[in-house]
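The sequence shown runs 52 to 685 under our numbering.
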Amino acid sequence: MKVKGLIGLLCAALLAGSAFSPVHAEGEQAYPSAYSMQELGLVTPVREQKDADLCWAFAAVACMENNALLHGLADQTLDLSEAQLAYAVYNNPQSPAAGLEGDRVSYLHEEKPWYSLGGDNAFAMTTLLKGYGPVMEADAPYAGIADALSENVAFHTRAFAVRDVYTYSGADRDGLKDAIMKFGGVTMRVRMEGTEVFAGKSDSLYIASSELTPDHEVCIVGWDDTYSKENFKGDKPSGDGAWLCKNSYGEKGDLKGYFWLSYEDAVSNSDANTCYAFDLTTTSQERETYQYDGGGSVVWKTVKAGANVYTARKTQRLTGIQVLNREDAVAATLTVYSDVDSANPTSGLQKCTQEVFFPKAGYTTVELKTPVLLAKGQKFSVCLNYKMPTQVGIDTDIYHATAFLSYDVTANPGESFFVTDGAEEWRDLTSLAEVDGKDRTLRLKAIAEPWQGNGEQKLNAPELEAEFEKEDTIWLNWSAVDKAEGYLLYGAAQGEEPVYLAEFECDEDEYEYEFRDAKPDKSYEFYLVAFANGYDLTESARVQVGFLLPPTGFSINQKDNGVVLRWNKVKTANQYVIYRKTNNGNYKKIAVTGNVRSYTDVSVIKGFTYFYRIRAKRDALLSDYSSHRKIRVR
52 MKVKGLIGLL
62 CAALLAGSAF
72 SPVHAEGEQA
82 YPSAYSMQEL
92 GLVTPVREQK
102 DADLCWAFAA
112 VACMENNALL
122 HGLADQTLDL
132 SEAQLAYAVY
142 NNPQSPAAGL
152 EGDRVSYLHE
162 EKPWYSLGGD
172 NAFAMTTLLK
182 GYGPVMEADA
192 PYAGIADALS
202 ENVAFHTRAF
212 AVRDVYTYSG
222 ADRDGLKDAI
232 MKFGGVTMRV
242 RMEGTEVFAG
252 KSDSLYIASS
262 ELTPDHEVCI
272 VGWDDTYSKE
282 NFKGDKPSGD
292 GAWLCKNSYG
302 EKGDLKGYFW
312 LSYEDAVSNS
322 DANTCYAFDL
332 TTTSQERETY
342 QYDGGGSVVW
352 KTVKAGANVY
362 TARKTQRLTG
372 IQVLNREDAV
382 AATLTVYSDV
392 DSANPTSGLQ
402 KCTQEVFFPK
412 AGYTTVELKT
422 PVLLAKGQKF
432 SVCLNYKMPT
442 QVGIDTDIYH
452 ATAFLSYDVT
462 ANPGESFFVT
472 DGAEEWRDLT
482 SLAEVDGKDR
492 TLRLKAIAEP
502 WQGNGEQKLN
512 APELEAEFEK
522 EDTIWLNWSA
532 VDKAEGYLLY
542 GAAQGEEPVY
552 LAEFECDEDE
562 YEYEFRDAKP
572 DKSYEFYLVA
582 FANGYDLTES
592 ARVQVGFLLP
602 PTGFSINQKD
612 NGVVLRWNKV
622 KTANQYVIYR
632 KTNNGNYKKI
642 AVTGNVRSYT
652 DVSVIKGFTY
662 FYRIRAKRDA
672 LLSDYSSHRK
682 IRVR
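1) Could you give the first and the last residue of the continuous alpha helix (DSSP H) run that contains residue 116?
2) Mind checking if residue 494 is an interface residue toward chain C, Cβ cutoff 8 Å exclusive?
3) Going by the beta-carbon positions, is the gap between residue 222 and residue 261 smaller than 8 Å?
4) Closer than 8 Å is the cut-off here; do at least three beta carbon pairs connect the region 372-381 with the region 436-451?
5) Can you give the beta carbon distance from residue 675 to residue 614, rounded, assuming they're within the 8 Å contact cut?
6) Does the Cβ of residue 202 have 16 or more other Cβ atoms within 10 Å, making it buried, or fewer, making it exposed?
7) Any idea what DSSP makes of residue 535, helix, strand or coil?
8) DSSP beta-bridge partners for residue 652?
9) Which value, in whole angstroms, describes the spacing of the CA atoms of residue 263 and residue 402?
10) With DSSP collapsed to three states, give me the class of residue 529.
11) In chain order, what residues of the same chain lie with their CB nearer than 7 Å to the CB of residue 654, ignoring the 5 residues before and after it?
12) Keeping to the same chain, check which residues put their C-beta closer than 8 Å to that of residue 665; ignore five residues upstream and five downstream.
13) Consider the C-beta atom of residue 370 and the heavy atoms of the ligand HEM; say whether any pair is separated by less than 7 Å.
14) Considering only DSSP beta bridges, list what residue 343 is partnered with.
15) Which of helix, strand or coil does DSSP assign to residue 569?
16) When the Cα atoms are used, what is the spatial distance from residue 519 to residue 529?
17) For the alpha helix (DSSP H) that contains residue 204, what are its first and last residues?
18) Please tell me whether residue 309 and residue 89 are closer than 8 Å, where the distance is taken between their beta carbons.
19) Shortest alpha-carbon distance to residue 259 belongs to which of 200, 249, 242?
20) Can you list, in chain order, the stretches of the beta strand (DSSP E) that have 3 or more residues and sit fully within the region 369-453?
21) Could you tell me which of 365, 108, 343 sits nearest to residue 148, measuring between CA atoms?
22) Could you tell me which uninterrupted beta strand (DSSP E) segments, each at least 3 residues in length, are contained entirely in the region 198-285, listed from first to last along the chain?
23) Could you name the residues of the same chain whose beta carbon sits closer than 8 Å to that of residue 561, not counting the 5 residues immediately before and after it, in chain order?
24) Compare the beta carbon distance of residue 327 and residue 134 with 8 Å and say whether it is the shorter of the two.
25) Nearest-angstrom Cα distance between residue 175 and residue 420?
26) Note down the Cα distance separating residue 253 from residue 362, rounded to an integer number of angstroms.
27) Express the C-alpha separation of residue 485 and residue 182 in angstroms, rounding to a whole number.
28) Specify the secondary structure class of residue 659 as computed by DSSP and reduced to three states.
29) Quick check: what's the CA-CA separation for residue 315 versus residue 98?
30) Could you tell me the alpha carbon to alpha carbon distance between residue 187 and residue 125, rounded to whole angstroms?
31) By alpha-carbon positions, which one of 167, 141, 425 ends up nearest to residue 173?
32) Between which two residues does the alpha helix (DSSP H) containing residue 487 stretch?
33) Take residue 471 as the anchor and find which of 395, 440, 648 has the nearest alpha-carbon.
34) Under 8 Å between the Cβ atoms of residue 364 and residue 339?
35) Relative to the alpha-carbon of residue 423, which residue among 300, 322, 551, 499 has its alpha-carbon at the smallest distance?
36) Measure the alpha-carbon distance for residue 240 versus residue 460 and round it to whole angstroms.
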């Protein structure tokens, strides 16, 4: 493959916006003098990128394949798709993942196709953490790189889930060694054009000039501290030691597609060179990600605290978060709140809190020590209060002129919040658009999974009662259920899907709730869910309550064939019940009409006095009685 000059320009442009801090691994740790994933049999075959400028995707995929082998998730036949990863970076889904609607990337070069653009693994990180890939090579073959992928393959299929993406400085030798041993490999940007390795005439690379820029990316799979400096052609480093790199030019040279990169290489051995390690896990169709960061930009904001507010799409348990930090060794307090309002992420009920530590920069997953039950429709927040001001990842509108890329992010008030050092109040991140017109959202995701009981233990079903307290208020009450830890209340007008109303912690023997703004011409349905960790969710029976207004304008008069009753129509009633009595008698139901406004009683007897009254009816719901009317039949 001929390396295009555009790649170097692109890398420089991307570094300006997405570089991570050059924080090096702390402390002294003994590493073996030599280590090789290749010798351990934990690598996949060398691939060939051919004429496409997708070395960055090949490097990322090689690292992910190694990681899957290291975790025992696959064997050496594993072949993940570079084409899908690159396609998902530069193209948009018709049906984005939930929360990412409106976020778009635009490739603006008028002559070259997107796969000749080059790239950076900041793109791979943000794309994979959206849940877009990786997929198997068989689903998106590299041979079809010029063809559009199906929506399902490109954006809605995953062979694995990317749990974490860690970032390292290219100059952090111990950090890179640690990444290789823990995660199977790490990407590295290098300079290839004009070198012996690029020409296939050498298996070692050393560039002395720091004036040159990277134009290629590879996967480091090992090292050898004793690799002789004499093995390098031309300029020689001052000391021994080199990285073992897996390339993407096919099985060329004596090392069949691998080469040695000097520790002292001036291009790669740089704090400006951000390297990426990927950590995979098994995928689950039931696991859901709550997120707003659907763009591809990575910019930074220094904050003392950050929070995102989400609305639960179904009843499930919150199990973790994912957040992008720029720095190593970051400590914070993670707190989850439920029933928050749209202006304050720390309002509502505090559901859990725990101390967290992020040893490495990157997009990191934190699992909750105690999962939090979320009710469908319930607003909740995930909040991080940092011990020290910290640079966190922000997704925003950005145009990279030299990269021909435009990112458009859709952000709404009430979603992302921050607190700066010295401030006390939360600020909505969208308020910054008042300065420059750019939308912004915090790169802070929430992870949810189905609620899990043990299938054996079940709480008793709560007994919910409901009645109209007055024309606009329904009063609901219930008694505590043994071993329950809380309750979720749902309700809606009959015929509508019940929605989440409130959550109650288990601290009382008796509970009550007033449902306000009820309409007297509607009926309502409510139910209650009792929950406790380790138990299946238990639902109460559904209760219906309503308040139909009684008929008004009630009048009667005698006609030749009987007594005619008339009344005004009651809104939402679909039947009317007619009651009659005589002097000293009791009212008895004599008829149920359809949705009409009159009725003729032909069973009357001359000389008798009759009393009438009416009730409106809708399904099983009855109104109060109308006023009564009497008539003597002549």
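C-beta: ideal position from N, C-alpha, C; glycine also.
Just so you know, these numbers come straight off a predicted model, no measurement behind them.
Reading off the structure:
1) Residue 116 -> alpha helix (DSSP H) spans 106-121.
2) Judged by its chain identifiers, the structure shown contains no chain C, having just a single protein chain.
3) Cβ atoms of residue 222 and residue 261: not closer than 8 Å.
4) Contact holds between the region 372-381 and the region 436-451, because three or more Cβ pairs, one in each stretch, are under 8 Å apart.
5) In this structure, residue 675 and residue 614 do not form a Cβ contact; the two beta carbons are roughly 22 Å apart against a cut-off of 8 Å.
6) Residue environment analysis places residue 202 among the exposed positions, since fewer than 16 neighbouring C-beta atoms fall within 10 angstroms of its C-beta.
7) Secondary structure of residue 535 (DSSP, three-state): coil.
8) Under DSSP, residue 652 forms a beta bridge with 614.
9) As the crow flies, the alpha-carbon of residue 263 is around 52 Å from that of residue 402.
10) Residue 529: strand per DSSP, three-state reduction.
11) For residue 654, there are no CB contacts under 7 Å within the same chain when 5 residues up- and downstream are skipped.
12) Cβ neighbours of residue 665 within its own chain (closer than 8 Å, five residues either side excluded): 601, 602, 605, 616, 618, 627, 628, 629, 630, 676, 677.
13) The ligand HEM is not part of the structure shown, which contains no ligands of any sort.
14) According to DSSP, residue 343 bridges with nothing at all.
15) If DSSP states are grouped into helix, strand and coil, residue 569 belongs with coil.
16) Taking the straight line from one Cα to the other gives about 15 Å.
17) If you look at residue 204, you'll find it in the alpha helix (DSSP H) that goes 202-206.
18) In this structure, residue 309 sits near residue 89, with a CB-CB distance shorter than 8 Å.
19) Just measuring C-alpha positions, the residue of 200, 249, 242 sitting nearest residue 259 is 242.
20) Runs of the beta strand (DSSP E) inside the region 369-453: 381-389, 400-409, 413-425, 430-447, 449-451.
21) Among 365, 108, 343, the Cα nearest to that of residue 148 belongs to 343.
22) Qualifying beta strand (DSSP E) stretches, in chain order: 212-220, 237-241, 267-275.
23) If we look at residue 561 and ignore the five residues flanking it on each side, its Cβ neighbours are 528, 529, 530, 531.
24) Contact flag unset, no.
25) One C-alpha to the other measures close to 29 Å.
26) Linking residue 253 to residue 362 through their CA atoms gives a straight-line distance of about 57 Å.
27) Residue 182 and residue 485: Cα-Cα distance of roughly 31 Å.
28) Correct three-state label for residue 659: coil.
29) Pairing residue 315 with residue 98, the inter-Cα distance amounts to about 27 Å.
30) Roughly 12 Å separates the two Cα atoms.
31) Nearest of 167, 141, 425 to residue 173, Cα basis: 141.
32) First-last of the alpha helix (DSSP H) with residue 487: 484-487.
33) Looking at the Cα atoms, 440 is the closest of the given residues.
34) A contact, by the Cβ cut-off of 8 Å.
35) The residue with the shortest Cα to Cα distance from residue 423 is 499.
36) Rounded to the nearest angstrom, the two C-alpha atoms are 28 Å apart.
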